[in-house]
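Beneath this line is the structure, given in structure tokens, with notes to follow.
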Amino acid sequence: MSAMNYGAKMKEIRMANNVLQKDIASIMGLSVFTYSHYETEDTTIPLKHLIDFCDYFKIRIDYILGLDSKYELESGYNIVDILICAKRLKEFRKANKITQDKLAKILNTNQSVIANYERGRTLIALPFLYTICSNYKISADYLLGRI
Numbered sequence: 677m678s679a680m681n682y683g684a685k686m687k688e689i690r691m692a693n694n695v696l697q698k699d700i701a702s703i704m705g706l707s708v709f710t711y712s713h714y715e716t717e718d719t720t721i722p723l724k725h726l727i728d729f730c731d732y733f734k735i736r737i738d739y740i741l742g743l744d745s746k747y748e749l750e751s752g753y754n755i756v757d758i759l760i761c762a763k764r765l766k767e768f769r770k771a772n773k774i775t776q777d778k779l780a781k782i783l784n785t786n787q788s789v790i791a792n793y794e795r796g797r798t799l800i801a802l803p804f805l806y807t808i809c810s811n812y813k814i815s816a817d818y819l820l821g822r823i
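So the number in my numbering is just where the residue sits in the sequence shown, counting from 1, plus 676.
Here you go:
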């Protein structure tokens, strides 16, 4: 996860917008302690909290994850929809001729986890999203239904 450097980018964006850690933590419903650990990457930020951060500042998840240099999210963006994410993940997998088992092996998980993502039962975990997007050059914002 440290290769993403999302913490440094979160701090950069927060400071550029003159927002204190305590303020963004409050907005996100977190303690300052928890939020500060996201910026230092001592704790991996859950995707839900990364989405909240990006939504607040209207920025792309791809930018935060170091997948794209494009910063701002286009106006009229969609909020993350777990069913759109499920559909797009399945479409991505099939377009790349990857079985659920093979994707599970790539992500070091099991097939049932992939099946749950594709059924919209759970939102994909951030480390898995990053691995897919960085290895296959696909947008995290697209997979999540934000664009």
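Ideal Cβ placement from N, Cα and C applies to all residues, glycine included. Treat the numbers as computed from the prediction; the structure is a model and nothing was measured.
Please name the residue or residues paired with residue i in a DSSP beta bridge.
i, result
"E750", "Answer is none; E750 lacks a bridge partner."
"I735", "E748"
Tell me which residue opens and which closes the alpha helix (DSSP H) that residue i is part of.
i, result
"R769", "I758 to A771"
"N811", "L802 to Y812"
"I700", "Q697 to M704"
"L710", "As written in the sequence, residue 710 is Thr, which differs from the Leu given in the question. Element bounds for T710: V708 to E715."
"I774", "Unbroken run through I774: none, as it is neither H nor E."
"S788", "Q787 to E794"
So residue i and residue j are supposed to be a Cβ contact under 8 Å. How far apart are they, rounded?
i, j, result
"I760", "G821", "3 Å"
"D817", "I721", "Rounded, the Cβ-Cβ distance is 16 Å, inconsistent with contact."
"I814", "I808", "7 Å"
"L743", "S810", "6 Å"
"M691", "E715", "10 Å between Cβ atoms; not a contact."
"K724", "V708", "At roughly 18 Å, the Cβ-Cβ gap does not stay under 8 Å, so K724 and V708 are not in contact."
"Y793", "M680", "No, Y793 and M680 are not in contact; Cβ-Cβ is about 20 Å, not under 8 Å."
"Q776", "A762", "Actually they are not in contact, since the Cβ atoms of Q776 and A762 sit about 12 Å apart, beyond 8 Å."
"I735", "I689", "6 Å"
With C-beta atoms as the reference, is residue i less than 9 Å away from residue j?
i, j, result
"N693", "F729", "no"
"I800", "L765", "yes"
"D731", "I755", "yes"
Given the structure, does residue i come close to the ligand ATP, in the sense that its CB is under 8 Å from one of the ligand's heavy atoms?
i, result
"Y812", "With respect to the ligand ATP, the structure shown offers nothing to examine, as it has no ligands at all."
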